[in-house]
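Trainee: The listed protein sequences derive, respectively, from chains Y and B. To get the working numbering, take the position in the first sequence, counting from 1, and add 442. To get the working numbering, take the position in the second sequence, counting from 1, and add 442. All C-beta atoms, glycine included, are put in the ideal place defined by N, C-alpha and C. Questions regarding the structure given below will be posed in turn.
There are 2 protein chains.
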Amino acid sequence: MSLVDKLKWRYATKKFDNTQKIASEKLGYILDAIQLAPSSYGLQPYRILVVEDPIVRERLKEASYGQTQITDASQLIVFAVETNINEDFVKKYMDSTAAIRNIPRESLAGFEGMVLGTINSRTKEELTTWAQKQAYIALGVLLAAASEQSIDACPMEGFDAARYNDILNLTEKGLTATVITTVGSRASDDDYAQLAKVRRAKEELFIHV
Amino acid sequence: MSLVDKLKWRYATKKFDNTQKIASEKLGYILDAIQLAPSSYGLQPYRILVVEDPIVRERLKEASYGQTQITDASQLIVFAVETNINEDFVKKYMDSTAAIRNIPRESLAGFEGMVLGTINSRTKEELTTWAQKQAYIALGVLLAAASEQSIDACPMEGFDAARYNDILNLTEKGLTATVITTVGSRASDDDYAQLAKVRRAKEELFIHV
């Protein structure tokens, strides 16, 4: 089945089968996809929390308007962005680039200057928004990879980020929760699975120039 | 080849082969993927411009720091978000949902109230940022689908959005350019294709809870 067919198969799963756990190799696969997701300058200004602990998830459910997907799905994945995107962060990335590519650190000076120029021209709030957008690319890639593997998902913005930051100790790690998704298997009686997909018609979505 | 293998194959293509056009059925396929991308409440608060016109692309290249991908790739795809996300926009979406699902319009009153509650609690600027995040999900899905089809891409934030809005008459359409990507085929001499991919190590990216 092609990815497009899989995207037709998927839907925002409202009710998960809480007896079904994703096989560990499949979970590893979708985490690989997140790791490979592109981001601006390749910076990946985020960390990904894979939450399985039932007690933590119970607390997170309360911070998510009681949505049962949080506890019933196989895993909850939290995209948390870096709140300290600064010269140190960029320096570390350049060190890593030089090491992975086995090139002299100095050869990255031009690229580093360009990235720092972008970083330094933005306020802390703008940098956070920018980092969040990158996290949404990773979310899109994850949802595609999960669909490919017949893993159900429910991406969500409906949660209290401040409470998530507290429960997951994100603030002290220099992170803030941005968007979440649950992954697992749809319950056989999730009525939402039967609903026709609503999408803007091609002529209302695309403009050909 | 799995999607993860394809994500390893892809890279931000710096030099496209300007003699290669994407076959129309493949272009249709990746547009299908964009159309199917999920978004908050399913609203899809964006439109997608597929730019082929060489004269327009020449102007857009000037508004993109002269980056040659803009003119050399097979197509330039511009994600432009709605700047008028209001009650009318939501109403139209609910009308469409009722029609597609063949359900009474009144049955959507609760859902509509919830969406309007979200919309009305946000400033115009916050709504635009929110819409942009949704566009980035679609970008992620598109990049996955393009990779699957062995289509090269170069997603870019380095362009002058105000000039794009002007050249593409977006402001008068209630849109603003947010992020772009070129799609096509890598040139055989694009040195960037040979560089090792730099990604955060798993232990620096994932946190297991």
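Residues in the stretch 531–546 of chain B with C-beta within 7 Å of chain Y's C-beta atoms, listed in sequence order?
Mentor: Ser538, Thr539, Ile542 and Arg543
Trainee: Does the beta carbon of Thr624 of chain B sit closer than 8 Å to a beta carbon anywhere in chain Y?
Mentor: no
Trainee: How long is the line joining the alpha carbons of Ala586 of chain Y and Glu646 of chain Y, rounded to whole angstroms?
Mentor: 23 Å
Trainee: Output, in chain order, the set of chain B residues within a Cβ distance shorter than 7 Å of Ser482 of chain Y.
Mentor: By Cβ distance, chain B contributes Glu599.
Trainee: Closest Cβ-Cβ distance between Glu529 of chain B and chain Y: below 8 Å?
Mentor: Not closer than 8 Å to any Cβ of chain Y, the Cβ of Glu529 of chain B fails to qualify, so no.
Trainee: Could you name each continuous beta strand (DSSP E) segment of 3 residues or more that falls completely within the stretch 449–524 of chain B, going from the start of the chain to the end?
Mentor: 488–493 and 517–524
Trainee: With H, G and I counted as helix, E and B as strand and the rest as coil, what does DSSP make of Ala577 of chain B?
Mentor: helix
Trainee: Over the uninterrupted beta strand (DSSP E) stretch that includes Ile561 of chain Y, give me the two end residues.
Mentor: For Ile561 of chain Y, no beta strand (DSSP E) run applies; the uninterrupted alpha helix (DSSP H) run containing it begins and ends at Ala551 to Asn562, by DSSP.
Trainee: For the beta strand (DSSP E) containing Asp541 of chain Y, list its first residue and its last residue.
Mentor: Note on identity: in this sequence residue 541 of chain Y is Ala, with Asp being the wrong assignment. Not the beta strand (DSSP E): Ala541 of chain Y falls in the alpha helix (DSSP H), residues Glu529 to Arg543.
Trainee: Taking the beta carbon of Gln576 of chain B as the centre, do at least 16 other beta carbons fall within 10 Å, making it buried, or is it exposed?
Mentor: buried
Trainee: From this set, Y:Ala603, Y:Thr613, Y:Phe648 and Y:Ile476, which residue's C-alpha is nearest Lys503 of chain Y's C-alpha?
Mentor: Y:Ala603
Trainee: Using DSSP bridges, identify the partner residues of Ala643 of chain Y.
Mentor: Paired residue(s): none; Ala643 of chain Y is not in a bridge.
Trainee: Assuming contact is defined by CB atoms lying nearer than 8 Å, are Ala522 of chain B and Leu491 of chain B in contact in what I supplied?
Mentor: yes
Trainee: Comparing C-alpha positions only, which one of B:Ile622, B:Asp594 and B:Ala635 sits nearest to Asn460 of chain B?
Mentor: Of B:Ile622, B:Asp594 and B:Ala635, the residue nearest in Cα terms is B:Asp594.
Trainee: Please check the pair Ser479 of chain B and Gly559 of chain Y, which I expect to be a contact at CB under 8 Å, by giving their CB distance rounded to whole angstroms.
Mentor: A quick correction: the sequence has Ala, not Ser, at residue 479 of chain B. Incorrect: roughly 31 Å between the Cβ atoms, too far for contact.
Trainee: What do you get for Lys534 of chain Y, buried or exposed, if any count of 16 or more other CB atoms within 10 angstroms of its CB means buried?
Mentor: exposed
Trainee: Under DSSP, the alpha helix (DSSP H) around Ala635 of chain B begins and ends at which residues?
Mentor: Looking at the DSSP string, Ala635 of chain B is not in any alpha helix (DSSP H), and its letter there is neither H nor E.
Trainee: Gly508 of chain Y: buried (16+ other C-beta within 10 angstroms of its C-beta) or exposed?
Mentor: exposed
Trainee: Could you name the residues that DSSP lists as bridge partners for Val625 of chain B?
Mentor: B:Gln517 and B:Ala595
Trainee: Closest by CA to Phe531 of chain B, which one among B:Ser481, B:Pro487, B:Ser549 and B:Ile519?
Mentor: B:Pro487
Trainee: Run down chain Y in chain order and give the residues with a C-beta less than 9 Å from the C-beta of Phe648 of chain B.
Mentor: Leu473, Ile476, Gln477, Arg489, Ile490, Leu491 and Val492
Trainee: Considering Asp608 of chain Y, what are the terminal residues of the alpha helix (DSSP H) in which it resides?
Mentor: That run of the alpha helix (DSSP H) goes Ala603 to Ile609.
Trainee: Given that Leu469 of chain B touches chain Y, what residues does it touch there, using C-beta distances under 8 Å?
Mentor: Result: empty, since nearest Cβ-Cβ is about 10 Å, beyond 8 Å.
Trainee: Check each residue of the stretch 602–621 of chain B: if its Cβ is closer than 7 Å to any Cβ of chain Y, include it; give the result in chain order.
Mentor: Leu610
Trainee: Checking 8 Å against the spacing of the C-beta atoms, do Gln591 of chain Y and Tyr471 of chain Y come in under that value?
Mentor: Yes, they are a contact pair.
Trainee: Strictly below 7 Å CB to CB, what residues from chain Y border Leu581 of chain B?
Mentor: Ile579 and Gly582
Trainee: Would you list the one or two residues that DSSP bridges to Leu617 of chain Y?
Mentor: Y:Glu524
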